[in-house]
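Read through the structure below, which is laid out as structure tokens, and then see the notes.
Numbering (UniProt numbering), first residue to last: 1 to 378.
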């Protein structure tokens, strides 16, 4: 494009930057940022926010935070990018409290932030406070509060809000122009938690009309079918995915340490500290067993039959080897954490007296003293 003499502008960057979404693209992301700065394209507010999101998605929270702090103007969209990516909930509450005028967008951001961190009760309280402030909710803020209810297991409250959308505010969940698939997705997530198959199937049928290629919804319903031992349902989902040529993305987890992104896949043996990492996992297993904190879903040795130790366990072992006593550990995952690993991390957090934060595609799990912030609803 440049060799043809076509001018590169902010619109070009807004089309290019969102394509950088993986840790392995971080170097190119930094080069692209340098190009943007050299030609003054970072003066555009949308480009700046796009760059911030780029660093978060490429796994560099450190660079994201540095860039965030350097931004002269921080609009609500900027804070939203930081909340969803890096999880700076304390800071987001501070900026929310400092706003002289709180509009619908600012309420949506703060409600969504608490929901992502499993603090559904707080999110609900904020939503109700917003209503008392005579701010009329739209479909987007309903997505935030419904998702918060789903993450916290507040099914009855969430269903109440779902009804209120239609009865009190005239919002039709079937209308994609008013509310997107996240509303039905939030309802599907809540149904999965409480094993409500009938309502889950209704939510699934609606959400895939809006987002037919979002594989997460297919996996969610398939996992529900697995929990209730509905083999016909599992087969139906597999056939649908095959017919639509949908494939589950390979899982990976990563930890940022000293400015470097350390990425792991299931059964990974490519890291320079592989021997030490697996030795640490063995010690963790022994410690968990000795402390009588048993994993009812199965221990790591069940995975070892196929040699596929899950990526988040490898990331946690590496982080424990690489950080000081008492330091919090943040692990980023591209897929939802499984039941085995969720129980394992809870047990490890109690044994090693550390706080683990696991960021998956939809939320943050805070593990400490053998308990997770999601209260086992996810």
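Even for Gly, the Cβ is constructed at its ideal location relative to N, Cα and C. Source: prediction; values computed, not measured.
Practice task
Could you tell me how far apart the beta carbons of residue 186 and residue 235 are, in whole angstroms, since I believe they sit closer than 8 Å?
Solution key: That belief does not hold up - the Cβ atoms of residue 186 and residue 235 are roughly 26 Å apart, past 8 Å.
Handout entry: Delimiting residues of the beta strand (DSSP E) encompassing residue 135
Key = Where residue 135 is concerned, there is no enclosing beta strand (DSSP E), given that its DSSP letter is neither H nor E.
Exercise for the section: Please determine, among 134, 51, 240, 320, the residue with the shortest C-alpha to C-alpha distance to residue 16. Expected result: 51
Practice task
Helix, strand or coil for residue 258, going by three-state DSSP, please let me know.
Solution key: coil
Exercise for the section: Quick one: give me the first and last residue of the alpha helix (DSSP H) that residue 11 is part of. Expected result: 10-16
Problem - residue 368 - containing beta strand (DSSP E), residue span - result: 364-368
Practice task
With DSSP as the reference, label residue 355 as helix, strand or coil.
Solution key: coil
Handout entry: Delimiting residues of the beta strand (DSSP E) encompassing residue 329
Key = 329-333
Handout entry: Assumed close pair residue 221, residue 195 - CB separation to whole angstroms, cut-off 8 Å
Key = Not really, about 12 Å apart at Cβ, beyond 8 Å.
Practice task
Output the residue ranges of the beta strand (DSSP E) runs that lie fully inside the stretch 197-262 and measure 3 residues or longer, sorted by chain position.
Solution key: 252-257
Problem - C-beta atoms of residue 190 and residue 170 nearer than 7 Å - result: no
Handout entry: Separation of residue 139 from residue 285, as counted between CA atoms
Key = 46 Å
Problem - Through-space distance from residue 278 to residue 289, alpha-carbon basis - result: 17 Å
Problem - Inside the stretch 83-131 only - alpha helix (DSSP H) runs reaching at least 4 residues - result: 89-98, 104-116
Problem - Close Cβ partners of residue 206 (< 6 Å) along its chain, the five nearest in sequence each way excluded - result: 184
Handout entry: Rounded separation between residue 8 and residue 100 - CA only
Key = 38 Å
Handout entry: residue 371 (DSSP reduced to helix, strand or coil)
Key = strand
Handout entry: Candidates 89, 93, 97, 107, of which the one nearest residue 117 by Cα
Key = 89
Exercise for the section: List the whole-angstrom C-beta distance separating residue 385 from residue 126, where the pair is believed to meet the contact cut-off of C-beta under 8 Å. Expected result: With the chain running from 1 to 378 in the structure shown, residue 385 is simply not present.
Handout entry: Beta carbon proximity, residue 248 to chain C, threshold 7 Å
Key = Annotation note: the requested chain C is absent from the structure, which comprises a single protein chain.
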